[in-house]
Amino acid sequence: MPKCNARDDWFFKDDMQGNKVSDWGRKTDCSSEIFCSICICTVDVKKGFQSLTQHAATKKHKQNAHIKLNIKQLKLTTSTNTTIENNSRIEDTLVEKSSKSTTFSTVHLYSISDQSVVAELIWALKVVSSNYSFASSDGIVEVFKTMFPNAIPKGFSMSRSKLTYLITDALGPYFREELIKDIANEYFSIIYDETTNSGGNKELQVLIRYYSTSKCKIITQHLQTVFIGKATADILSEKIVSAVENSNLSLSKLLMLGSDGPNVNKKVARLINDQILHCRSKNLINIGTCSIHTIHNAFLKGIDKFGENAEQLIISIYYYFKGWPTRWEEFETILDKLKLPIRRFIKHVPSRWLTLHDSANRVLENWSAVEYYFLKFIPQHKSSVLTTNSYKKIREFLLIITIKCEMIFIQSSAKIFIKYTGTMQKSEPLVHVMYTELHNLLCTLVGRICKTEYIPKSFFNIKVNDLLTVEKMIAVKDIVVNNLIQEEFKEKKMVGKDILFFLKNVQQHYIAAFKHVLETSPIQNSFLKHLQCLGPLERLKSRSCNSILKLSNDLPFDVDDDILLDEWKLLQLDKDEKESDLNRIDIYWKQFFEKKNSTNNLKYPNVTKIVKSCLSLVHGSADVERNFSISGKMLTDERACMNERTLNALLVTKDSLKQYQNKPELVLMTKKLITMAKGAHKHYQNYLEEQKLIKHQKNENKKIEVQIMKQLEETQNKVKENQQEIQEKEKLLKIAREKETQKRSVANKLFEEANKRLKKAILENNIQEAELAHAMLEGVNTVKKEEEQKKKTADALQIQLEKKKASLIQHLSGAK
Numbered sequence: 069m070p071k072c073n074a075r076d077d078w079f080f081k082d083d084m085q086g087n088k089v090s091d092w093g094r095k096t097d098c099s100s101e102i103f104c105s106i107c108i109c110t111v112d113v114k115k116g117f118q119s120l121t122q123h124a125a126t127k128k129h130k131q132n133a134h135i136k137l138n139i140k141q142l143k144l145t146t147s148t149n150t151t152i153e154n155n156s157r158i159e160d161t162l163v164e165k166s167s168k169s170t171t172f173s174t175v176h177l178y179s180i181s182d183q184s185v186v187a188e189l190i191w192a193l194k195v196v197s198s199n200y201s202f203a204s205s206d207g208i209v210e211v212f213k214t215m216f217p218n219a220i221p222k223g224f225s226m227s228r229s230k231l232t233y234l235i236t237d238a239l240g241p242y243f244r245e246e247l248i249k250d251i252a253n254e255y256f257s258i259i260y261d262e263t264t265n266s267g268g269n270k271e272l273q274v275l276i277r278y279y280s281t282s283k284c285k286i287i288t289q290h291l292q293t294v295f296i297g298k299a300t301a302d303i304l305s306e307k308i309v310s311a312v313e314n315s316n317l318s319l320s321k322l323l324m325l326g327s328d329g330p331n332v333n334k335k336v337a338r339l340i341n342d343q344i345l346h347c348r349s350k351n352l353i354n355i356g357t358c359s360i361h362t363i364h365n366a367f368l369k370g371i372d373k374f375g376e377n378a379e380q381l382i383i384s385i386y387y388y389f390k391g392w393p394t395r396w397e398e399f400e401t402i403l404d405k406l407k408l409p410i411r412r413f414i415k416h417v418p419s420r421w422l423t424l425h426d427s428a429n430r431v432l433e434n435w436s437a438v439e440y441y442f443l444k445f446i447p448q449h450k451s452s453v454l455t456t457n458s459y460k461k462i463r464e465f466l467l468i469i470t471i472k473c474e475m476i477f478i479q480s481s482a483k484i485f486i487k488y489t490g491t492m493q494k495s496e497p498l499v500h501v502m503y504t505e506l507h508n509l510l511c512t513l514v515g516r517i518c519k520t521e522y523i524p525k526s527f528f529n530i531k532v533n534d535l536l537t538v539e540k541m542i543a544v545k546d547i548v549v550n551n552l553i554q555e556e557f558k559e560k561k562m563v564g565k566d567i568l569f570f571l572k573n574v575q576q577h578y579i580a581a582f583k584h585v586l587e588t589s590p591i592q593n594s595f596l597k598h599l600q601c602l603g604p605l606e607r608l609k610s611r612s613c614n615s616i617l618k619l620s621n622d623l624p625f626d627v628d629d630d631i632l633l634d635e636w637k638l639l640q641l642d643k644d645e646k647e648s649d650l651n652r653i654d655i656y657w658k659q660f661f662e663k664k665n666s667t668n669n670l671k672y673p674n675v676t677k678i679v680k681s682c683l684s685l686v687h688g689s690a691d692v693e694r695n696f697s698i699s700g701k702m703l704t705d706e707r708a709c710m711n712e713r714t715l716n717a718l719l720v721t722k723d724s725l726k727q728y729q730n731k732p733e734l735v736l737m738t739k740k741l742i743t744m745a746k747g748a749h750k751h752y753q754n755y756l757e758e759q760k761l762i763k764h765q766k767n768e769n770k771k772i773e774v775q776i777m778k779q780l781e782e783t784q785n786k787v788k789e790n791q792q793e794i795q796e797k798e799k800l801l802k803i804a805r806e807k808e809t810q811k812r813s814v815a816n817k818l819f820e821e822a823n824k825r826l827k828k829a830i831l832e833n834n835i836q837e838a839e840l841a842h843a844m845l846e847g848v849n850t851v852k853k854e855e856e857q858k859k860k861t862a863d864a865l866q867i868q869l870e871k872k873k874a875s876l877i878q879h880l881s882g883a884k
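Residue numbers (the numbering used here): 69 to 884.
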């Protein structure tokens, strides 16, 4: 018989116990032998693969395989990583770093089960980061095995249910614990808002903003989402406080509530502030509600005064083409004919008024095509459209002589406001520039309508009526508009009256917008003004010393003013080690937070505490708006039944992934996370059991409630019957008493008459009259007997009535 040599394909085959030969077999120098790593012996394979099968069937090999090939058996391995961030598989137990290189050699213990859990967690993170559907995980194991044969860890499994509990009972709780640990003793702000989601529920989102010592920057993260019925101030304040307390955070460390502007939120702030005053002496910091909403509304106020023709035209054109592909094909032909870029119209969102800028810009880009299509093409080729309301409306707007000027002006004016909102929508801390940005916005608005010499350097204690007077304002005819509008004046050959009317509307637009920003924004808030001292250039000015003291006095902790001032003055002597114009303000301040003195203690501990707290304040609610967008992608119409628990786990995981550039492969797989993942199924089962018990209890309570309601209904029916019977008996008793009284009255009158006649007969000795009187007295006796009978009947009815009333009272008592 010819000899057999070990073949490579044997190592991918399974033995009798279902283990791959590669799990225990290794090649040796001898081509006809294979080394068994679990039995520590060589196996002669001269007889072919059957030799390996026979060896694997031995008692010794089976016992060794049961122990050493168990998926929980720990193994030792080494790996090399170029950076710490890339070292993201399993938590290291040993790290060695060369003196000149960033290469890390790692040695750690692992088990096959750990490898499969890590793979499952990475896939779960990928599902969250990419907003995959949970159903996409069904059958994914078979897909991976086909794509990567012999590379899938043993024990790896995945399905929509497993994905659910990995997120709700491992990833979500893990990242939440990490978040709470990261906040530790830091002061924080809360941002919240509520909206109606796809499930028809009111969804309250609560975010937390704080300085992360581990990340060395300001972080805004999801804290809790709650589904509520009504969004009253009492309910909102209760849920926000619960979200803080459920996270084991102290309400006394709450700096500020960030929200948009509705009055209900002002009451929420008052209610929570009242609770805070029970645990500390200082109020919540107040630098106003979301200024971005204020600026949007200021533009709206201006549009209301200027006129809505341009806005209505933009909306009408968009909806004229929406859902009408044939109309767009016709218009596209005209665009091509006029050599204009083929770009669709942009939808204007009425609740976000500054979207008019992009919408107006697109209409202006296609203006010549718009005029040709609606004023020439349709009348010549589409006579059936001429009678439609949508066409009539657009034509009416296009025939207004100033309509293009209005469109250009709206676009031009929107740029002023977008400059502010574009800056303040960022997540990085911007409270230190908020006052300056508002001041610049107001200066720009008032500069369009007022003489330069009257523009105030500060808007503190400035009133609209004091500033916008005739002598301080530019004459309407002298208001400057951009060149495009002036060219349109000439092209349309507008007369002075039309131009003057247009410029008057421009003036009213700026006045209305300026008034709204001045009266509703926090530009006159002294705390906001003092926050400027956190700016790299402002901190060097002498006035910043007073500002830092003012900030300290309003913050909810005590700092010695003298020590703080000394630290600040020393800080002013320190040079910037980083270019401030290229960094976030929290990154800029990090260099001072970490500085130490000659005794190796922090050089600016009090300044650090003040600055961290101030940078944690909220400059707008853009973060929570973004979170609603994220939530909307998760809570779609198809997943409208997603429960609060799952949504919270998804949101906290999604937020945490931002710290890893939304790359699941960069997340460090710690022992704690792996352990939580292994126990996730048990926790999920316990949760389901709890939910079953709760559901069962609810059903039982409902049954009891139904039974009680049934008994109550029966009791009420019986009571009603008793009441009716009592009423009937009361009627009978009343009749009986009336008859008794009647008989008594007759007897009394008859007795009086008989007695009178008898006395008269005796006096007159009239025997006949006396006999008549006697007969009458006998009649009285008869009537008296009838009266007594009537009384007995009435008394019997009275007794029955009292019994019925007592029975009724007993039923009522039993019902209660």
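In this text, a Cβ means the ideal position worked out from N, Cα and C, and glycines have one as well.
No experiment lies behind these values; they were computed from the predicted model shown.
Looking at C-alpha atoms only, which residue of the options is the closest neighbour of residue i?
i    : options                   : result
L818 : H842, D723, Y242 and S615 : H842
E464 : L869, I385 and N73        : I385
S282 : F256, K249, F295 and E313 : K249
E846 : I830, K858, A862 and E820 : E820
E854 : N834, A581, K811 and A864 : K811
K114 : A124, R75, S105 and K81   : R75
F413 : E398, W421, R825 and K390 : K390
I468 : I383, S526, Y488 and G375 : G375
L641 : P604, I867, N333 and E246 : P604
State the DSSP-derived secondary structure class of residue i, mapped to helix, strand or coil.
i    : result
V186 : helix
C347 : coil
G688 : coil
I220 : coil
V514 : helix
Y279 : strand
M710 : coil
G370 : helix
C613 : helix
E496 : coil
M541 : strand
D112 : strand
C682 : helix
Who are the Cβ neighbours of residue i in its own chain at under 8 Å, not counting the five residues just before and after it?
i    : result
L639 : R607, F660, Y672 and V675
I678 : I616, L619, S620, L623, V627 and L632
By Cβ distance, which residues of its chain are closer than 6 Å to residue i, with the 5 residues on each side in sequence left out?
i    : result
S744 : Looking at the sequence provided, one finds Met at residue 744 rather than Ser. Answer for M744: A238 and Y242, listed in chain order.
K597 : Y503
V336 : A301, L304 and S305
Y522 : K540
T423 : H416 and V417
F103 : R94, T96 and T110
Buried or exposed: where does residue i fall if 16 or more other Cβ atoms within 10 Å of its Cβ makes it buried?
i    : result
D691 : buried
F216 : exposed
W887 : Lying outside 69 to 884, the shown extent of the chain, residue 887 is not represented and no answer is given.
E474 : buried
P497 : buried
G326 : buried
K127 : exposed
Strictly by DSSP, which residues pair up with residue i?
i    : result
L670 : K664
R94  : F103
S257 : R277
V294 : L272
D82  : K88
T264 : K270
L325 : I258
K285 : S280
Can you tell me whether residue i sits near the ligand ATP, meaning its C-beta is under 6 Å from at least one heavy atom of the ligand?
i    : result
F527 : Of ligands this structure carries none, so the ligand ATP is not represented either.
Which same chain residues end up closer than 7 Å to residue i when comparing Cβ atoms and leaving out the 5 residues on each side of it in sequence?
i    : result
I567 : F557
K472 : W435 and E556
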